[in-house]
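Enquirer: In the numbering used here, the protein residues as written are 30 to 242.
Idealized CB from N, CA, C, for every residue including glycine.
So that we are looking at the same thing, I have put the structure below in structure tokens.
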């Protein structure tokens with residue numbers, strides 16, 4: 030940021046950056062922002078400055094800063110996923126140990142279809158009073174775990190007034206939130222990956238369930 034012209038730095042941080050995150054959240058997953066969108070955004074925030082040509086002077090610096098911010102934004106989901114998983118899920122298990130964590134992760138990634146994992150839903154449970162009853166499934170993509178991770182994106186765009194936000198849903202931010210849980214749950218549920226990442230050995234047989242669950 031220090032390489033950017035001094036008179037642009039404060040506005041870039043306080044105004045342009047939140048709008049960048051707003052734009053990132055509406056892109057297709059892993060898609061790069063279109064330069065035309067970046068140029069329009071630049072003119073909205075820096076209406077009295079020259080437009081971006083991405084070839085000379087501050088334009089080159091701005092392009093590099095945008096790339097850095099996009100990478101930083103994507104890493105936020107991975108950074109906060111374990112904290113969210115601990116707070117929302119693991120701390121509410123019968124016992125917060127390796128066995129129970131692995132079982133929950135195996136359950137979270139189960140289901141009849143990989144596109145409908147149990148942790149996607151705000152409610153995913155059987156009717157315990159009726160034997161053989163179907164699951165009660167409600168609120169897809171509305172689980173507290175997903176919402177908590179998605180909150181990292183919402184915090185990034187909080188400084189923007191509602192009327193100034195893009196009129197597009199943050200689909201990319203939602204998918205990044207879901208993928209962050211999937212990748213982490215897979216690593217924890219897989220015995221080899223668990224040992225590789227943490228040095229802890231699995232104490233749960235495939236498909237097993239803790240006795241005190």
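1) Report, in whole angstroms, the separation of the C-beta atoms of residue 169 and residue 149, which I expect to be a contact under 8 Å.
2) Compute the distance between the beta-carbons of residue 172 and residue 54, then report whether it is under 8 Å.
3) Would you kindly check if the distance between the Cβ of residue 187 and the Cβ of residue 166 is under 8 Å?
4) DSSP three-state call for residue 152: helix, strand or coil?
5) What is the rounded straight-line gap between the Cα of residue 239 and the Cα of residue 217?
6) Flag this pair as touching only if the segment 187-199 and the segment 99-107 have three or more C-beta atom pairs under 8 Å; answer yes or no.
7) Could you tell me the boundaries of the beta strand (DSSP E) in which residue 166 lies?
8) So does the segment 109-120 actually touch the segment 78-93, counting three or more Cβ pairs closer than 8 Å?
9) Which whole-angstrom value describes the C-beta separation of residue 110 and residue 213, a residue pair presumed to lie in contact below a C-beta threshold of 8 Å?
10) What does a CB cutoff of less than 7 Å around residue 68 pick up in its chain, not counting 5 residues either side in sequence?
11) From residue 206 to residue 136, what distance separates their C-alpha atoms?
12) Buried or exposed: which applies to residue 209, given that a residue is buried once 16 or more other Cβ atoms fall within 10 Å of its Cβ?
Expert: Taking the structure as given:
1) Here the question's residue 169 lines up with position 140 in the chain shown. Here the question's residue 149 lines up with position 120 in the chain shown. For residue 169 against residue 149, the beta-carbon gap comes to about 5 Å, under 8 Å, which counts as contact.
2) Residue 172 sits at position 143 when you count from the first residue of the chain shown. Residue 54 sits at position 25 when you count from the first residue of the chain shown. In this structure, residue 54 does not lie closer than 8 Å to residue 172 by Cβ.
3) Residue mapping note: residue 166 aligns to position 137 of the chain shown, counting from 1. Residue mapping note: residue 187 aligns to position 158 of the chain shown, counting from 1. Cβ distance not < 8 Å, so residue 166 and residue 187 don't count as in contact.
4) Translated into positions along the chain shown, residue 152 becomes position 123. The answer is strand: DSSP assigns residue 152 an E or B state.
5) By 1-based counting over the chain shown, the position of residue 239 is 210. By 1-based counting over the chain shown, the position of residue 217 is 188. Because residue 239 sits at a pLDDT of 44, beneath the cut-off of 50, its placement in the model cannot be relied upon, and the following sentence gives the value as read from the coordinates. Between residue 239 and residue 217, the C-alpha separation is close to 16 Å.
6) In short, these stretches do not touch, since the Cβ pair count stays below three.
7) Here the question's residue 166 lines up with position 137 in the chain shown. According to the DSSP assignment, residue 166 belongs to the beta strand (DSSP E) that extends over 164-169.
8) Between the segment 109-120 and the segment 78-93 there are fewer than three inter-stretch CB-CB distances shorter than 8 Å, so the stretches are not counted as touching.
9) Within the chain shown, the letter at position 81 stands for residue 110. Within the chain shown, the letter at position 184 stands for residue 213. Their Cβ separation, rounded to whole angstroms, is 5 Å, which keeps residue 110 and residue 213 in contact under 8 Å.
10) The count along the chain shown starts at 1 and reaches residue 68 at position 39. Cβ within range, chain order: 80 and 81.
11) As a position in the chain shown, residue 206 is number 177, starting the count at 1. As a position in the chain shown, residue 136 is number 107, starting the count at 1. The alpha-carbon atoms of residue 206 and residue 136 are separated by roughly 18 Å.
12) Counted from its first residue, the chain shown places residue 209 at position 180. By the neighbour-count rule (16 or more Cβ atoms within 10 Å), residue 209 is buried.
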